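Below: one structure, written as structure tokens.
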Amino acid sequence: MDNHQGKCGAEPSVDLEAVRERLRTKKGPEFWRSLDELAAAPGFQEMLHREFPRHASEWTDGVSRRGFLQLASASLALAGLTACTRQPTEVIVPYVKQPEQLVPGRPLFFATALTVSGLGLGVLAESHQGRPTKIEGNPDHPASLGATDVFAQAAVLTLYDPERSQTVLQSGRPATWGGFVSEANGALRALQALGGDGLRLLTGTVTSPTLAAQIQGLLQKYPKARWHRWEPAAGNAHAAAVRAFGRPLAARYDFTRAKVVVTLGSDMLAEGPGAVRYARDFTDGRRVRRDHAEMNRLYAVESFPTPTGSIADHRLQLSPPQLEAFALALAQAVGAAGGTGATLADPKAEKWLQAVATDLKANPGASLVVADEYGSPAVQVLVHAINQALGNAGRTVVYTEPVAVDPVDPVQSLAELVNDMNAGRVDVLLMLDGVNPVYSAPADLPFAAGLKKVRVAIHHGLFEDETSGYCRWHLNAAHELESWGDARAFDGTVSILQPLIEPLYGGRTAIEVLAALSDQPDATSYDLVRGYWSTRLNAGGNLDKTTDPGGVTTALGFGTLPGTMTQPVAATATGAGTAAFEAAFRRVLHTGLVPNTQAPPVSAVIQGAAVQQAAGEIAAAAPGVTLLFRPDPTIYDGRFASNAWLQELPKPISKLTWDNALMLSPKTAQRLKLEMEEMAEVNASGRKIRAAVWIQPGLADDTALLHLGYGRQNAGKATGAGFNAYPLRTSQTQWSIPGVELRSLGGRYPLASTQNHHLLEPGWDEMKLASEEAERREVIRHGTLDQFRKNPNFIQEAREKPAADETLYPKYPYPGHAWGMSIDLGVCTGCSSCVVACQAENNVPVVGKEQVLKHRAMHWLRIDRYFSGDIDEPTIHHQPVPCMHCENAPCEIVCPVAATVHSDEGLNDMVYNRCVGTRYCSNNCPYKVRRFNFLRYSDRTTPVLALLENPDVTVRMRGVMEKCTYCVQRIEEAKIESKVEGRPIPANWLKTACQQACPTQAIVFGDVNDPAWEVTKLKAEPLNYGLLEELNTRPRTTYLAKLRNPNPALAGLEQGAEHGHA
Amino acid sequence: MATLEDERAKPYRPPIVAPGYTTATVTDKISEVVLQRTPRWWYLGFGISFLIMMMFLTAVTWLFAKGVGIWGVNQPVGWGFAIVNFVWWIGIGHAGTLISAILLLLRQEWRTSINRFAEAMTLFAVACAGMFPVLHLGRPWLAYWLFPYPNTMGLWPQFRSPLIWDVFAVSTYATVSALFWYVGLIPDLATLRDRSKKRIAQIIYGFGAMGWRGSAAHWHNYETAYLLLAGLATPLVVSVHTVVSFDFAIGIVPGWHATIFPPYFVAGAIYAGFAMVLTLTIPLRAAFGLQDFITLRHLQNMGKVMLATGLIVVYGYAMEFFFAWYSGHHVEQFTFWNRVTGPYKYYWFSLLLCNLLAPQALWLRKVRTSPARLFIVAMFVNAGMWIERFVIVVTSLHRDFLPSSWGMYRGTMWDWMTFIGTLGLFLSLLFLFIRFLPMISIFEMRTIVPGTRGGEYTEVPR
């Protein structure tokens, strides 16, 4: 309480220079509450710290007396500040001439790309009057094909995250960019004489050609400088490729050609930079229709349940050592590795192996085996060999030069840096793009200790994090939606990133930071990116073959892919400033990618010795529990920890939110006497952590799974959520630790799962009962391809459906549009992109862990997860459940104030203004899709979050019911546009947010009155069924039953997997 | 006079009023309760009740400030304590009208000793009940939208919704009960006006008495009005809880969607109402020494009504289970199986203890004629009926059609404060009532003391 005088300038604790600098760099409608806040004084940050996410605005916390007084005094301080801050003198004027294309109320879409671990996903960002509100996939982009993953959908929330770092910090105090540039350049000048000895650069994976050229320039200027890489979730694919082929090649899959696919633990359909594309390609091979009864076949061998495993035709749970043995046995069975020594203890696995090997051998060149890139390199080497032996190389899997620039083993690279830091050999360390090794470095590498010995440590990132606290400089980064830049997709295709908004807090891109250190302090990333491409694009917007003959390999390993040049070419006829270049550049920006930059296939010859060595490495199964680490499905390696959408997004299989947990199979938990939510200690050779137990059906026995990314110490709202796995991870045990010891610590830690989670008595019995009941009630209808071939109508005939005239009321005609939706359960992987897309599109609030625990999550679209068959070895099903828009809607008749009514197009409309909140509609909804604002969940107090909201969708107040609207705002927009243009809405022209985001096109929406729409055709399919249709609700959302294509040779092995529909 | 043998041959029927009273002593005795100096214990009792009511106001203030999220309601259990309490209070409110109207029409003269009191209790219970539908709204300040009033939005309520029927049923019931109670009070208010010594009391009671002078014309009009109101109130006894039961029966939720609900709810309401009348009467007659007016015969009769309605309620339980089985609908069957074996099974077993086992004691005259034992049984029934509503509301909702959406419900501190707080409101009103108004109808009692028409009438063997 030291700022209550209201006299500006009288506060010794406030650095007014810093305040001015902050005010200067602030953009947009951002307000402050006190000088302390502006100066980011620690005391104020502490006051701002809240247990619950800011976006969730946990209302019940209330305002303490102290907090109230602080706010009151801060207001006084603000009053004083206005008095002596000069108002801007510039004249502001409205548009005199309307800018082209900018129509108030109509969004614009810009093609750009968003990256995770450096690899880009081409997206279209929706901009409302200059503020990005929603991300869609770029249909022209090979990694997207119009869909996205969860991270891209959530990117807009990170952009507007009020916890983003908002200023340059010098030793934790606000400073200026200019101050940084002069100090850093001074330090560099001192190093120049030494050839840059002591200068180190640490980044994540870099694919950006512009950035790569800059780094290369820097390394040329300072020959003794070193470039290190740290990527906590990089996997072992690099090491495996080096071993198998002698050089780091990347494998790219073509699922469209694969009839039989085997995954050895890989979650390739839901994880990784190519997942969106792979999911689409793979599921295209299994859309069974009346006239197309063909399916590919997927065998999943995995240690823990994944979205990929959940749509597999056969799923085998093996503990990690057993999985390795299986891989070796498979390699031997298909002739990829010599000998037949591998034995499988489990007779079921043995039978499986024979069936899989036979199936693979029957489909040479049309099969594909995918290894888990987090699994051991030996298995990956064997899988490379298997694909070679099956003739898949060059067909279903192609090898290319790596997409990343100068790929290295990140653990080794970081280890070298840590050694040098601790030896005092590092003078200046520049960490770019939010790399956070203090949190994520392997436990045996004392990064933080080393960092203290670095004279000038510079951290550049979106957030102040664990690492920035140790650094002399923290540079606030620009978000990708605020930046110019470029990035490659998983297949090498280059996209140019363009900003949708000027940096909110004056952040800088990595490109600008490097330019500032290369004597270009004022260069903008726009100039730099444009400058880079000015010599590489020809008039057609293609790569200029004369200046870029397809890539030049240099000694440094930079650039072997098209579009990468080691030396900037002198401006030519196509160079910057010419009309031809302008046109080409615009075209590239418009389409969102540089054509012909896909990495071309190269021939890859596997080294026989490597295969033999790999086979020899696979040892007999060690006893004890193997602990696996994996990137979290929603917050990845921790970099998305502060994103509330991703935190509250239920993990695809466990449905956990806001936490990770130590996952164990039911049997293993029973053996170890560990209960659901019980705190346990994990002891890996003396390194210990504590974590809460989650019992997860589908996990192999003797396997524990712990996701990365939680237990952050400095991540704003996510600080303290979950359990930090990094202290167990050493450089040798990045992804698995055999023989860990688990013991109960007693005590419980509540875990917030959105589905079937007992509030009163922790236990997983409810999960089991719910799955059994779902099976009995045929919530998920499923069958096999053979059943379908014998009788295509078997799904519909299995259950009675009420006749359409079974009502006392006259049939309501829908003469105009009749909106409906079809969801194909056969291709839904449960990846959850649709859930975040819905949240972003419809301003769905975040409620926080406490409210999730009380069963009050607000997602309009949820993905229900059920298990069928043996609970110890279940088949996993996903079912997206939006509002069914019932024609006989039970919710409508019980609302006393007519706040939920039916539209003449069949929409079940929710009138927020009219709702008084009796919740009767929710009680009477058999699908429980209605969501109630029990408290004031929408954050209306944080100014920057107002920018995030979709202006076409009402922000709901407390006390009103809400639910899926079929994106009625999009329907209305389409209708208006059609009316303006005087034509009907073209078929399939209109997509809901969930449909647009879906990588597998499982969700199809449209006008069921019009036979030209895809949805109408799908609803005529024999697999079509309505959820709980026996209630005669006549839902407009219907499902296509899930078909599997089991191998007859494995019939009877999976008891209980298929019953009920025969 | 009947002989001693005749008396012994008849079943034991205690008199309505103990012998030895005249019209004058009856009037003295009842009006004295009001006109005497306020006893100390009254201040204590009222003070405690008032404090509990303040707790209610605190809980409601916090509720309005924060929203219904402070309660335990959630997805899928959208209705919790508020609706349980609403149905419970409304049920309690049934005894008054039943005693006043139906027993009047059936010429059950013994009702005279307890009808005033039961009517007051009805009013207060309906007042408690009536608050909950408003409090449980997400936006309670818009509760008036449930009424059909002309408005610039051009909107009516949605008449297909049972909640609208509820609005009419409960508001009608409250109005008629209040009128009935007030009309019945007029002659007694005149008595108090005439007997009170203080000027202020004379004026206030005088206003209430509306110029009652006891003329034959007054009595004629009065009797007609009272009879008409009784006729009007009689269907309400059945209709209110029938409509309340529609809130559930109209829904498609398994465990709610049952045709047995209306009669089963009405019986339950009478059952609960009589239990509450007993709960209040037994201590009060001891406190004010009214054993001569509210005799063991009254208590016995109420015990019998409780036993009869309790058996109907239990029959309702049995039929619910039977029809769940008979429906052949798996979800329906699961719901009832879940009631007995699921996470709320203890509620179910408590329900059986309170509503099935405890009232069986009423078969014994020993229990029926012992105020203390009757009181204990009545307390069981009070609790049992609350649990019954909890079981119906919560266990049906918490596991319905889609297993993915199953959840659990638990009342929070605020839920309990609101519920217990309404008990405080109820008791506060009751304490005010017994202090300022005659809790037994004086003029009606005069008609049944021995020697009067009514008094002799009761002596006629049935």
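Heads up: the sequence lines are chains A and B, in that order.
Numbering of the first sequence is given in our numbering, commencing with residue 469 and proceeding in unit increments.
Numbering of the second sequence is given in our numbering, commencing with residue 3 and proceeding in unit increments.
C-beta: ideal position from N, C-alpha, C; glycine also.
Note that the coordinates shown come from a computational prediction; the quantities given were computed from them, not determined experimentally.
query: Nearest to tyrosine 273/B (by Cα), restricted to the options Phe295/B, Trp90/B, Asn117/B; result: Trp90/B
query: Supposed close pair valine 1312/A, methionine 1326/A - CB separation, criterion 8 Å; result: 5 Å
query: For serine 33/B, three-class secondary structure by DSSP; result: helix
query: Test item: CB-CB of alanine 925/A and leucine 919/A under 9 Å; result: yes
query: Partners in chain A for glutamine 508/B, counting only beta-carbon separations shorter than 7 Å; result: A question about residue 508/B goes unanswered here, because the residues of chain B that appear run from 3 up to 464.
query: Below-9 Å beta-carbon distance, serine 329/B vs any chain A residue; result: no
query: Close Cβ partners of alanine 804/A (< 6 Å) along its chain, the five nearest in sequence each way excluded; result: Ala853, Ile854, Ala857
query: 9 Å Cβ cutoff, valine 837/A in contact with chain B; result: no
query: Where glutamate 568/A falls, given that 16 or more other Cβ within 10 Å makes a residue buried; result: exposed
query: Option nearest aspartate 840/A by Cα separation, candidates Arg1426/A, Glu1209/A, Ala702/A, Asp877/A; result: Ala702/A
query: Start-to-end residues for the beta strand (DSSP E) that takes in tryptophan 1287/A; result: 1287 to 1292
query: DSSP-derived helix/strand/coil call for valine 1208/A; result: strand
query: For tryptophan 339/B and arginine 448/B, the rounded distance between their alpha carbons; result: 55 Å
query: Delimiting residues of the alpha helix (DSSP H) encompassing valine 866/A; result: Looking at the DSSP string, valine 866/A is not in any alpha helix (DSSP H); the run it does join, the beta strand (DSSP E), is 865 to 868.
query: Distance, glycine 1188/A Cα to valine 279/B Cα; result: 55 Å
query: Own chain residues within Cβ distance below 6 Å of glutamate 1355/A, not counting five before or after; result: Arg1502
query: For alanine 320/B and alanine 326/B, the rounded distance between their alpha carbons; result: 10 Å
query: Per-residue DSSP class, three states only, for lysine 602/A; result: strand
query: Same chain, Cβ closer than 7 Å to proline 373/B, neighbours up to 5 away in sequence not counted; result: Ile284, Leu301
query: Histidine 332/B: contacting residues in chain A (beta-carbon distance under 8 Å); result: Arg1244, Arg1245
query: 9 Å Cβ cutoff, glycine 1316/A in contact with chain B; result: no
query: Proximal residues to glycine 742/A (C-beta, below 6 Å), its chain only, five neighbours per side dropped; result: Phe958
query: Contact list for the segment 1353 to 1381 of chain A against chain B, Cβ threshold 7 Å; result: Pro1358, Ile1361, Val1362, Cys1363, Pro1364, Val1365, Ala1366
query: Close beta carbons around alanine 1308/A, own chain, < 8 Å, minus the five adjacent residues each side; result: Thr601, Lys602, Ile603, Gln621, Ala622, Val624, Leu625, Trp1113, Asn1418, Ala1461
query: Rounded separation between lysine 1322/A and glycine 413/B - CA only; result: 11 Å
query: contact_flag[the segment 732 to 741 of chain A, the segment 765 to 784 of chain A] where n(CB pairs < 8 Å) is 3 or more; result: yes
query: Spatial neighbours of tyrosine 842/A in its chain, beta-carbon cut-off 7 Å, leaving aside the 5 residues before and after; result: Gly703, Asn704, Arg1098, Trp1203
query: Rounded C-alpha distance that separates tyrosine 1000/A from methionine 1352/A; result: 51 Å
query: Environment of leucine 503/A [buried if 16+ CB atoms lie within 10 Å]; result: Because the pLDDT of leucine 503/A is 48, which lies under 50, any placement of that residue in the model is unreliable, and the number read from its coordinates should be weighed accordingly. Leucine 503/A comes out buried.
query: Contacts of cysteine 1383/A in chain B (Cβ-Cβ under 8 Å); result: Gly140, Arg141
query: Whole-number beta carbon distance between valine 1428/A and proline 159/B, since they are thought to touch under 8 Å; result: Going by Cβ atoms, the distance from proline 159/B to valine 1428/A rounds to 17 Å, so no, they are not a contact pair.
query: Under 9 Å between C-beta atoms of tryptophan 698/A and leucine 687/A; result: no
query: Proximal residues to arginine 1324/A (C-beta, below 7 Å), its chain only, five neighbours per side dropped; result: Val1315, Phe1402
query: For glutamine 1255/A, the three-state DSSP class (helix, strand or coil); result: helix
query: Burial state of proline 480/A, where buried means 16 or more other Cβ atoms lie within 10 Å; result: Per-residue confidence for proline 480/A stands at a pLDDT of 42, beneath the threshold of 50, marking its modelled position as unreliable; the derived number appears in the next sentence. Proline 480/A is exposed by the Cβ-count criterion.
query: Same chain only: Cβ atoms within 7 Å of glycine 305/B, ignoring 5 sequence neighbours per side; result: Leu364, Arg370, Leu376
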